[in-house]
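Residue numbers (the numbering used here): 199 to 906.
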């Protein structure tokens with residue numbers, strides 16, 4: 199005859215008594231009689247689940263115990279139990295459904311809210327399920343679980359397993375399915391968003407695949423016909439054939455888009471023509487070196503850029519001589535090989551020598567200046583009198599003079615004649631001040647208050663009444679991180695933690711990329727951070743609301759209704775101050791400068807140039823000299839001050855990252871300057887656009903100014 203629950207209890211008591219050590223306190227027992235599917239916990243550890251038609255028997259040592267029972271749809275119950283040795287305590291547990299208040303509605307018409315905005319949450323845990331889910335302080339069961347029709351908005355999510363918590367704040371959008379993974383294999387555990395990414399591959403080539411490197415994992419993608427799930431928003435995608443990279447790198451921010459386009463540049467068409475020329479696609483170039491050639495009765499063996507091959511002198515290789523080449527398409531190495539040429543001409547430039555001098559404002563020679571010949575990737579250094587010796591160059595060459603702490607103009611000189619002798623002269627860029635902030639130097643230049651031409655067409659007039667100091671570079675992540683850490687300890691709050699450049703980890707300690715601009719901070723964050731820096735340096739903060747210093751970037755109403763005091767603190771530039779500093783050339787009229795007002799002796803960079811450039815934005819060489827943009831950035835931010843400064847001594851005014859300005863455009867705020875992911879048209883100093891003050895982007899940072 200089958201045993202009853204009490205009979206089983208007696209058998210268990212007998213067996214445990216025989217197995218227990220002599221002299222030890224024998225356990226007691228808690229017997230729970232209730233419906234099936236009730237989970238019984240003690241100190242957050244699951245002790246078991248009630249089964250249909252069975253008593254739940256739990257042996258416990260003598261003493262006081264707290265048990266918790268849970269079942270979906272029913273209220274959680276806490277049981278205080280006293281257990282005595284060799285005795286049982288029976289609990290007849292009556293579950294109570296979650297309380298629902300019922301009221302009689304009045305007869306008057308009711309207001310009905312239609313269209314609750316919802317999304318879907320998928321909550322998982324690794325290595326297995328069982329993590330306790332709390333969202334905005336409310337318990338939603340355990341992983342793995344899907345929550346449909348969940349209200350959208352900001353969600354503070356905490357998933358706890360074995361007393362280890364993985365938590366984070368996420369924003370659920372309407373109609374979105376957000377997948378989150380609590381990864382307990384990491385130390386400390388991380389709550390990571392998973393993204394289903396679609397790769398669109400243009401111009402695929404044979405035997406290539408995508409190598410994906412993210413914050414938490416790496417992967418090889420060989421079949422992109424279906425979406426691929428990746429961990430974390432920050433992903434770097436490279437194209438490789440399994441042996442070496444093809445020098446193509448794409449930085450993806452999956453918060454902005456889960457569709458990643460990978461465009462592989464087409465292979466150039468190379469063939470031998472009757473005159474021994476190499477034909478390739480527009481924009482391509484080649485490095486060509488010829489064995490045993492005769493140029494004006496001289497035997498030479500030199501590399502020659504194909505883009506320079508035009509009209510002066512000839513190479514006549516003997517029948518069967520090999521010419522080695524490396525073909526380039528859009529800066530990506532795609533083909534290497536050799537070509538056989540017949541006894542026909544290959545046209546080249548004839549080499550020549552160039553010399554020159556670098557002088558200061560008074561015309562005295564400047565020693566130890568590096569004169570760089572950019573498209574030859576070579577440089578020479580000046581002697582004690584400012585001269586350099588004759589230098590062997592080939593074809594059209596662009597040169598500039600560089601020395602730390604000095605600025606020389608013109609920024610670029612184009613050499614295309616054998617009799618060229620160059621002179622670079624120091625540019626008077628006015629006063630400079632440098633602050634030591636937590637061991638980090640922050641330099642600023644003094645810009646004059648003047649009237650100046652505005653806009654791309656130079657038809658508007660701007661005016662800045664007073665002189666102002668402006669930082670030489672955008673705020674770096676290292677400076678942002680250090681001051682933000684101090685600010686958090688001194689009563690400041692930020693809406694965003696910031697990112698190291700375009701693809702760093704949000705809020706992480708600085709790495710080797712610390713000198714890249716901070717990104718993913720809002721206009722409100724920048725205003726509050728400027729106040730914190732002012733306070734740290736002992737200056738009076740600029741930004742207040744109702745007489746109170748702004749310290750909380752989450753208080754949108756207070757920050758958006760800011761009042762800017764006329765104090766000595768750090769602040770954002772106005773749009774007019776930014777454009778004046780980007781265009782100012784002082785008394786130097788080089789590179790097509792505009793004199794404004796007429797006969798004033800004040801010269802300005804034209805509105806369709808990049809800041810500091812010697813030619814308009816479509817002049818690739820002139821623009822590359824001063825700016826990081828889509829054609830030379832590698833599709834990511836770069837360390838500040840690696841390009842040439844403008845005539846005021848400011849770096850990265852065009853390109854690298856856009857910069858917040860204080861000026862409002864209705865409810866938005868102005869940003870200026872172009873960025874690493876835009877083409878050259880966005881670098882024009884006369885362009886002005888605006889973003890919402892809460893917006894955060896991986897191509898937008900800020901620069902500081904101060905009132906003297």
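Glycine included, every Cβ here is placed at the ideal spot set by N, Cα and C.
Judged by DSSP secondary structure, residue 681 falls within the alpha helix (DSSP H) whose first and last residues are 675-686. Excluding the 5 residues flanking it on each side, residue 321 has same chain C-beta neighbours closer than 6 Å at 331, 341, 343, 378, in chain order.
The bridge partners DSSP lists for residue 560 come to none. Exclusion of the five residues before and after residue 887 leaves 869 as the residues of its chain whose Cβ lies within less than 7 Å of its Cβ. Less than 8 Å separates the beta-carbon of residue 316 from that of residue 348. Look at residue 802 here: in three-state DSSP terms it is strand. Contact holds between the region 708-720 and the region 677-696, because three or more Cβ pairs, one in each stretch, are under 8 Å apart. Proximity to residue 753 across 336, 726, 810, 294 peaks at 726, based on C-alpha coordinates. Annotation: residue 900 to residue 715 spans about 8 Å, alpha carbon to alpha carbon. For the options 357, 422, 775, the alpha carbon positioned closest to that of residue 662 is the one of 775. Two segments are said to touch when three or more pairs of C-beta atoms, one from each, lie closer than 8 Å; by this definition the region 794-804 does not touch the region 870-881. Distances from the alpha-carbon of residue 895 to those of 695, 862, 587 put 695 closest. Between the beta-carbon of residue 806 and that of residue 882 there is about 5 Å, and that keeps the pair under the 8 Å contact cut. Check the Cα spacing between residue 289 and each of 229, 367, 848: the tightest is with 229. Bounds of the alpha helix (DSSP H) holding residue 819 are 818-824. Looking at the backbone, the Cα of residue 275 and that of residue 241 are separated by about 14 Å.
Taking C-beta atoms as the reference points, residue 604 and residue 631 fail to come closer than 8 Å.
Contact between the region 807-814 and the region 689-706 is not established, with fewer than three Cβ pairs separated by less than 8 Å. The three-state reading of DSSP puts residue 379 in strand, counting E and B together.
Contact between the region 632-646 and the region 833-853 is present, with at least three C-beta pairs closer than 8 Å. Minimum Cα-Cα distance from residue 369 among the listed residues 380, 355, 362, 421 corresponds to 355. C-alpha of residue 877 to C-alpha of residue 391: approximately 31 Å in a straight line.
Nearest Cα to residue 660 within the set 567, 560, 431, 777: 777. Classified as exposed, residue 292 has fewer than 16 neighbouring CB atoms from the shown chains inside 10 Å of its CB. DSSP places residue 577 in the uninterrupted beta strand (DSSP E) bounded by 576-579. Around the CB of residue 698, 16 or more other CB atoms lie within 10 Å, so the residue is classed as buried. Taken through DSSP and simplified to helix, strand or coil, residue 290 comes out as strand. Setting aside the 5 residues that flank it on each side, residue 367 is surrounded in the same chain by 352, 353, 354, 355, each with a C-beta closer than 8 Å to its C-beta; the list follows chain order. The Cβ atoms of residue 599 and residue 640 do not sit closer than 8 Å to each other. Counting along the chain, the unbroken alpha helix (DSSP H) around residue 725 starts and ends at 721-735. In terms of CA proximity to residue 730, 768 leads the group 743, 460, 713, 768.
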